[in-house]
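**Q**
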Amino acid sequence: MSRTIDAVVSPTQTNTIPADISGQMLDLDEDDDLEVFSKDSTLADGNMFNASMPTSPGSMVNQCKFEEDEESDSKDIFITVDNPESHVTAIETFITYRVLTKTTRSEFDNSEYEVRRRYQDFLWLKGKLEDTHSTLIVHPLPEKFVVKGMVERFNGDFIETRRKALHKFLNRVADHPILSCSEDFKVFLSAQAWELTTYKKQGPGFLSRMGETVRAVANSVRGVKNRPEEFTAIQEYVEDFSNKIGSLDKVTQRIVKEQKEYLEELKEYGPTYTLWSGSEEELAEQLKGVAGCIERCCKETEEQVGHLSDTLVPVLHEYVLCAETLKAVLRRRDNIQAEFEAKNEALATKKVDRDAESSDLGFVWGSLLGKNPEEARHQRQERLDGEIEELKEEIDKLEDRVEWANNALKGDWGRWQRSMRGDLKSAFLSTAEKNVDYYEKCLAVWETFLLSQRTEPSEETDRDNTP
Amino acid sequence: MVEEGSTLLRRMEISVAEAEKRTGKNTVNMQEIFTVYLIETRPIDAITEGHNPAPDSLWRRYSEFEILRNYLLVTYPFIVVPPLPEKRAEFVWHKLSADNMDPDFVERRRVGLENFLLRVASHSVLSNDKILYHFLTEEHRWKEVVCETGFQAKADSRIKALSATFRVKNPDKRFTEMKHYSDELQSLTSQLLRVRARVADRLYGVYKVHGNYGRVFSEWSALEKEMGDGLQSAGHHMDAYAASVDDMLEEEEHYADQLKEYLFYAEALRAVCRKHELTQYELETASSDLISKKQQREELATGMVRTFSFKGMTNKLFGQETPEQREAKLSLLEEQIVQGEETVTEKTVECEEYVKGAWVDMQRFKEQKDRDLREALIGYAVMQISMCKKGIQVWTNAKECFHKM
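As they're listed, the protein sequences go chains F and X. Quick note on numbering: UniProt numbering labels position 438 of the first sequence as 438, and the sequence is numbered without any gaps. Quick note on numbering: UniProt numbering labels position 41 of the second sequence as 41, and the sequence is numbered without any gaps.
Now the structure itself:
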């Protein structure tokens, strides 16, 4: 049975963000108002979108698994990235990807959008999301270019790998309860090329962004003094996780390399049996049989390596990038807290200042200029009081900011861990399944050969010659 | 398969039971370490009668086996003599040691030497040889006895003859084809062995790298609460997978040894064909010698020069010889012709007998080769199946562990 997407969300459901987001994020599983998708139609809808993409069974499975994985079976936005095309201008050559969005969300004017985006646009979106929600965990983008392999930017494999990663990136953003409501995200999905360019130009100017960066650097140099225990624990975990996932990434790439070299030698091995069969009479059939077995095993090996490269390698690589993202998020959270602490210290200093009976320079000057010392001190006190009030207001805002940042991170942390477990478990599971399949196929090849040997009339001659 | 008499193996149980290291002084009086192999023999009838006699035994080193084989090669040139296991490790891949002292190499050599003795002792012709019997039973006097046969001189001239170049006018076509086949067999099997070694090397690499998964999974499992158990046990299976390749490849070495035996057999086969060519060549030389002598006699007798000859030329230039000279020459020629006819007869018989004996043994060899290699290929398939089954088991187990993650 297949349903149309429009029936996904009941008309009364809206997707506005309630004031208290932390609560919302933790209660994702309990959305009773939403209609539940049957798994069949999810798959069927998944198929529709894959029409223009090269569909290997593997990628389809990943896609469908991905879409099934949702906590609530009620996706109201479907995004695909496909159809890479090369664009040549006078200045440069670059690739754009088609981004197709189908949605029933009310903040979108239409239910369907088709736009073309280039990698730079994705980078921009990620940057904006991180700026706006600095302590939420944004899924990583594929890297700008692969230095290690010296892969050309326009190489088919590279483009396909990147396309898959971009697809995953957008879908992860779409799944995120907060990020998916971002205005920048909406514009990215719906604006035409020139509209996007205009939109990008808005926002804080260069100088103010510089100012922010300087402040951030200053804060990070200063460091945070009273980091809550749980974030230290998270940081330690991220350090360790980063090491482990980096190792896994390296090991897996090494396995792929060794397997490919094995395959190369195996391809030369079968023919040596075929060659030999040309010189034999009785043995020719058998030798050709062995050669055939080896050739078929070659094909299976090739498929197995391909699966490894398509399924496990990209996921591990993504999580290497994730680890870096997490480190950055933790740093930003620290900076927010550091800024708050800095202002608090400033406030304390100012208060001390105000209460001090010191003969400060201003007082001296004031008296020189003929001001009444009492009045001068009174003026100074008033000034300082004003500054203190200002500071207090700023501190209140910063305090809110710290609390918001911490809660956002805490909520997203649990979410990220669940995703990570799900992604890695599924990737390793798929690899193990493929390996079992590989050995089963090779087993069948050799068993068939053995069977053909045993049914031939065997030479039951008296064997007193052979050891 | 023709059998003459009962072969030695029917009467005696032979095995190469052990290997040991010895030290001693070599020919240039330097200390060396070498390996000796224990040959054990027991009479078959004693065993079948229900007794269990202790075996007679003696120690031999590889070089003594070589001497025995060289003796057999010159004494029975029409037999495809079974080869010895390789002198030095070849077709080595990185994990395999090229060291002759390596215990795995010594063990494989022990098996090869036993195989050699069993083949020789079950051969209808070779097994009756006295020197072979002494090799198996007389530890100390054997070397002198074999040297007394004077085989060494024959061995040297054999080697020279085998590498000499000469043209045979009428070789037996079957032998020419067989020689051609032996060349092919040699090059094809050595190519196969070379590639097989490279494949084994690569496969080793693939399996061993998976061991790193074991280590990292184990470390990672300490970090994760939910996934910890699954990861930990998956890691164990990855370790098992990496470790399994050692035994599998060791087993494959036995397959390689079976192929190597026939690589070396090809050389022996070639030698038999070459010996035929040599014998045929000697016959042809003797025949053409005889023909030319007869021709000379005719020329002298009739005074007619039928074909161009230097004698004819000098006759024309310097005049003919005296009748007395001619008579002396004629009688010498007659003697030579008689001798030549004897030689030709001898050589013809020698050739015919050689061809007969060699052809029989080459047929025997062909059948043995087809049987043995067929078995070897089946064994190889069985090994591959076993490897696949182990792979299925490991990855199925790993899959279970990943499920628990």
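For glycine and all other residues, C-beta sits at the position ideal for the given N, C-alpha and C.
1. Tell me the rounded alpha-carbon separation between Ile77 (chain F) and Thr104 (chain F).
2. Using the C-alpha atoms, what's the distance from Pro140 (chain F) back to Tyr319 (chain F)?
3. List, in order along the chain, the chain F residues whose C-beta lies closer than 7 Å to that of His210 (chain X)?
4. DSSP state of residue 473 (chain F), grouped into three classes?
5. Could you please give the first and the last residue of the uninterrupted beta strand (DSSP E) stretch that includes Gln186 (chain X)?
6. Does any residue of chain F bring its CB to less than 8 Å from the CB of Gln191 (chain X)?
7. Quick one: grab the DSSP three-state call for Pro43 (chain X).
8. What is the rounded straight-line gap between the Cα of Arg401 (chain F) and the Cα of Ile336 (chain F)?
9. Taking 8 Å as the CB-CB limit, is Lys399 (chain X) close to chain F?
10. Closer than 7 Å by beta-carbon distance: list the chain F residues that pair up with Lys389 (chain X), in chain order.
11. Which word fits Thr349 (chain F), buried or exposed, when buried means at least 16 other C-beta atoms lie within 10 angstroms of its C-beta?
12. Keeping to the same chain, check which residues put their C-beta closer than 6 Å to that of Ser127 (chain X); ignore five residues upstream and five downstream.
13. If we define contact as Cβ-Cβ less than 8 Å, is Val320 (chain F) a contact residue for chain X?
14. Are the C-beta atoms of Gly112 (chain X) and some chain F residue less than 8 Å apart?
15. For Gln296 (chain X) versus Leu333 (chain X), is the C-beta spacing smaller than 8 Å?
16. Tell me whether Ile255 (chain F) is buried or exposed, calling it buried when 16 or more other Cβ atoms sit within 10 Å of its Cβ.
17. Please report how far the alpha carbon of residue 473 (chain F) lies from the alpha carbon of Tyr76 (chain X), in whole angstroms.
18. Can you tell me the Cβ-Cβ gap for Ala427 (chain F) and Val315 (chain F), rounded? I've got them flagged as a contact below 8 Å.
19. Closer than 9 Å, Cβ to Cβ, to anything on chain X: give me those residues from the region 106-127 of chain F, in chain order.
20. Could you name the residues of the region 176-207 of chain F whose beta carbon sits closer than 9 Å to any beta carbon of chain X, in the order they occur along the chain?
21. Tyr113 (chain F) bridges to which residues according to DSSP?
22. Tell me, please, whether the CB atom of Asp240 (chain F) is closer than 8 Å to any CB atom in chain X?
23. What in chain F is Cβ-close to Gly24 (chain X), meaning under 7 Å?
24. To the nearest angstrom, how far is it from the Cα of Arg60 (chain X) to the Cα of Lys130 (chain X)?
25. Closer than 8 Å by beta-carbon distance: list the chain X residues that pair up with Gln235 (chain F), in chain order.
26. Comparing the C-beta of Lys327 (chain F) with each C-beta of chain X, is any distance below 8 Å?
27. Does DSSP put Gly24 (chain X) in a helix, a strand or coil?
28. Scan the region 220-233 of chain X for residues whose Cβ lies nearer than 7 Å to a Cβ of chain F and list them as they occur along the chain.
29. Against chain F, which members of the region 364-381 of chain X pass a CB distance test of less than 9 Å?
30. Report buried or exposed for Cys442 (chain F), applying the criterion of at least 16 other Cβ atoms within 10 angstroms of its Cβ.
31. On a CA-only basis, which of X:Arg270, X:Ala286, X:Arg141 is nearest Val339 (chain X)? Give me that one, please.
32. Check Ser15 (chain X) in the structure and name its three-state DSSP category.
33. According to DSSP, is Glu144 (chain X) part of a helix, a strand, or is it coil?
34. If you count every other CB in all the chains shown that lies within 10 Å of the CB of Trp220 (chain X), and 16 or more means buried, which is it?
35. Measuring CA to CA, which of X:Leu377, X:Lys225, X:Val106, X:Arg167 is closest to residue 471 (chain F)?
36. Compute the distance between the beta-carbons of Ile392 (chain X) and Val436 (chain F), then report whether it is under 8 Å.
**A** To lay it out plainly:
1. Taking the first sequence and counting its residues from 1, the one referred to as residue 77 (chain F) is at position 77. Taking the first sequence and counting its residues from 1, the one referred to as residue 104 (chain F) is at position 104. Roughly 7 Å separates the two Cα atoms.
2. Numbered from 1 along the first sequence, position 319 holds the residue referred to as residue 319 (chain F). Numbered from 1 along the first sequence, position 140 holds the residue referred to as residue 140 (chain F). If I take the Cα positions, the gap works out to 8 Å.
3. Counting from one through the second sequence, the residue named residue 210 (chain X) turns up at place 210. Residues of chain F passing the Cβ test: Ile255.
4. Outside the displayed range of chain F (1 to 467) lies residue 473 (chain F), so it cannot be described from this structure.
5. Start at 1 with the first residue of the second sequence, and residue 186 (chain X) comes out as number 186. It is not in any beta strand (DSSP E) - Gln186 (chain X) instead sits in the alpha helix (DSSP H) that spans 173-221.
6. As a first step, residue 191 (chain X) must be located in the second sequence, where it is residue number 191. Taking Cβ atoms only, chain F reaches closer than 8 Å to Gln191 (chain X), which makes this a yes.
7. Residue mapping note: residue 43 (chain X) aligns to position 43 of the second sequence, counting from 1. DSSP, read as helix, strand or coil, puts Pro43 (chain X) in strand.
8. As a position in the first sequence, residue 401 (chain F) is number 401, starting the count at 1. As a position in the first sequence, residue 336 (chain F) is number 336, starting the count at 1. When rounded, the distance between both Cα atoms is 7 Å.
9. Position 399 of the second sequence, counted from the start, is the residue given in the question as residue 399 (chain X). With 8 Å as the cut-off, Lys399 (chain X) counts as an interface residue toward chain F.
10. Within the second sequence, numbered from 1, the residue matching residue 389 (chain X) stands at position 389. Within 7 Å Cβ-Cβ: Leu443.
11. Position 349 of the first sequence holds residue 349 (chain F). Thr349 (chain F) should be labelled exposed.
12. Start at 1 with the first residue of the second sequence, and residue 127 (chain X) comes out as number 127. Thr7, Leu8, Ala121.
13. Counting from 1 along the first sequence, the entry for residue 320 (chain F) is found at position 320. No - not a single Cβ of chain X is within 8 Å of the one on Val320 (chain F).
14. What you label residue 112 (chain X) is simply residue 112 of the second sequence in a count that begins at 1. Judged by the 8 Å Cβ criterion, Gly112 (chain X) is not in contact with chain F.
15. Along the second sequence, one-based indexing puts residue 296 (chain X) at 296. Along the second sequence, one-based indexing puts residue 333 (chain X) at 333. Yes, the Cβ-Cβ distance between Gln296 (chain X) and Leu333 (chain X) is below 8 Å.
16. For this step, residue 255 (chain F) is matched to residue 255 along the first sequence. The residue in question, Ile255 (chain F), is buried, as its Cβ has 16 or more Cβ neighbours within 10 Å.
17. In this structure chain F extends from 1 to 467, so residue 473 (chain F) is not present and cannot be described.
18. The count along the first sequence starts at 1 and reaches residue 427 (chain F) at position 427. The count along the first sequence starts at 1 and reaches residue 315 (chain F) at position 315. Ala427 (chain F) to Val315 (chain F), Cβ: 4 Å. Contact.
19. If the cut-off is 9 Å between Cβ atoms, the region 106-127 of chain F has nothing near chain X.
20. Listed in sequence order: no entries.
21. As a position in the first sequence, residue 113 (chain F) is number 113, starting the count at 1. In DSSP, Tyr113 (chain F) forms a bridge with F:Thr101.
22. As a first step, residue 240 (chain F) is located in the first sequence; it is residue number 240 there, counting from the start. Yes, Asp240 (chain F) lies at the interface with chain X (some Cβ there is under 8 Å from its Cβ).
23. Here residue 24 (chain X) is taken as the residue at index 24 of the second sequence, counted from 1. Here the premise fails: no neighbours, minimum Cβ distance about 30 Å.
24. Here residue 60 (chain X) corresponds to residue number 60 of the second sequence, with the count starting at 1. Here residue 130 (chain X) corresponds to residue number 130 of the second sequence, with the count starting at 1. Arg60 (chain X) and Lys130 (chain X): Cα-Cα distance of roughly 17 Å.
25. By 1-based counting over the first sequence, the position of residue 235 (chain F) is 235. Those do not exist, as Gln235 (chain F) stays about 13 Å from chain X at its closest Cβ, beyond 8 Å.
26. For the purposes of this step, residue 327 (chain F) is taken as the residue at position 327 of the first sequence. When Cβ-Cβ separations below 8 Å define contact, Lys327 (chain F) makes no contact with chain X.
27. Indexing the second sequence from 1 puts residue 24 (chain X) at position 24. In the structure shown, Gly24 (chain X) adopts extended strand secondary structure according to DSSP, grouped into three states.
28. Trp220, Leu223, Glu226, Met227
29. Arg364, Lys366, Glu367, Gln368, Lys369, Asp370, Arg371, Asp372, Leu373, Arg374, Glu375, Leu377, Ile378, Tyr380, Ala381
30. Along the first sequence, one-based indexing puts residue 442 (chain F) at 442. Classification of Cys442 (chain F): buried, given that the 10 Å Cβ count is 16 or more.
31. Taking the second sequence and counting its residues from 1, the one referred to as residue 339 (chain X) is at position 339. The question names Val, but residue 339 (chain X) is Gln in the sequence shown. Out of X:Arg270, X:Ala286, X:Arg141, X:Ala286 has the C-alpha closest to the C-alpha of Gln339 (chain X).
32. Residue mapping note: residue 15 (chain X) aligns to position 15 of the second sequence, counting from 1. Of the three classes helix, strand and coil, the one that applies to Ser15 (chain X) here is strand, per DSSP.
33. Working through the second sequence from its first residue, we reach residue 144 (chain X) at position 144. Reduced to three states, the DSSP call for Glu144 (chain X) is helix.
34. Here residue 220 (chain X) is taken as the residue at index 220 of the second sequence, counted from 1. Answer is buried; the Cβ neighbour count reaches 16.
35. Nothing about residue 471 (chain F) can be reported from this structure: the residues present for chain F run from 1 to 467 only.
36. The residue you call residue 392 (chain X) lines up with position 392 of the second sequence. The residue you call residue 436 (chain F) lines up with position 436 of the first sequence. For Ile392 (chain X) and Val436 (chain F), yes; Cβs fall inside 8 Å.
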